[in-house]
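Residue numbers (my numbering), protein chains in the order written: chain A, 152 to 262; chain B, 1189 to 1303. Everything below concerns the one structure shown next.
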């Protein structure tokens, strides 16, 4: 019940494309859903996050779509750039608690 | 301001050695988390402090792992009698906690290799 399932494992798009990464969770008590971006040799960097009381949140080129009834959420990257090539992790947590991460999606954006 | 810092960035230990990994959280951050990240995997929770109190250590894989945060700021993760399966990146994250602030900010990690 504490798992967060993430797909796809890897994704290749051309510059300007819109990669979409999906996550699903089981526990309806989760209250916070962040996305992290991680470059090789670096720690995860907080990208954008959403609470379950909203269905969508945009920050720059990054958008989270949240479907509470389906217990799913996704990350969309608009106008993707080669610099967006990284591994992306979704996560979920109970209020003020530890993060439970998905398995990650390796994104490659080709020029 | 300065982010979360961790030291050393890389550590090579022979099997059976003890290691100590340090985390300096963002100034003023109440909560501090340790995670373990195996190669190609997502981070997995180890332990959590709120100020100096260790509130959750359910993720520590064995009694060889020990963490402390005696003054509610810097934290140390200690691994005794290291084993090859301990090889991983150890990440520290800090956050304000409380109210609606759930954000956790990660340091660069310490890559531990046990030979």
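A virtual CB, placed ideally from N, CA and C, is assigned to each residue, including glycine.
- Annotation for residue 202 (chain A): 182 and 183 place their beta carbon closer than 7 Å to its own, counting only its chain and skipping 5 residues before and after.
- By the rule that beta-carbons nearer than 8 Å mark a contact, residue 1198 (chain B) does not touch chain A.
- Contact of residue 249 (chain A) with chain B is assigned, a C-beta pair being separated by under 8 Å.
- Between residue 1278 (chain B) and chain A, the shortest Cβ-Cβ separation is not below 8 Å.
- Using a C-beta cut-off of 8 Å, the segment 1252-1261 of chain B makes contact with the segment 1229-1242 of chain B, since at least three inter-stretch Cβ pairs fall below that distance.
- Annotation: residue 164 (chain A) to residue 240 (chain A) spans about 18 Å, alpha carbon to alpha carbon.
- With a threshold of 16 other beta carbon atoms within 10 Å, residue 1216 (chain B) falls short and is exposed.
- The three-state secondary structure of residue 248 (chain A), taken from DSSP, is coil.
- Nearest C-alpha to residue 237 (chain A) among A:176, A:218, A:216 and A:162: A:162.
- For residue 226 (chain A), the uninterrupted beta strand (DSSP E) run begins and ends at 223-228, by DSSP.
- For the set B:1222, B:1240 and B:1229, the Cα lying nearest the Cα of residue 1210 (chain B) is the one of B:1222.
- Taking 8 Å as the upper bound on Cβ-Cβ separation, chain A lies near residues 1233, 1236, 1244 and 1247 of the segment 1233-1260 of chain B.
- Taking residue 244 (chain A) as reference, the option from A:200, A:171, A:189 and A:207 with the minimal CA-CA separation is A:200.
- Look at residue 1273 (chain B) here: in three-state DSSP terms it is helix.
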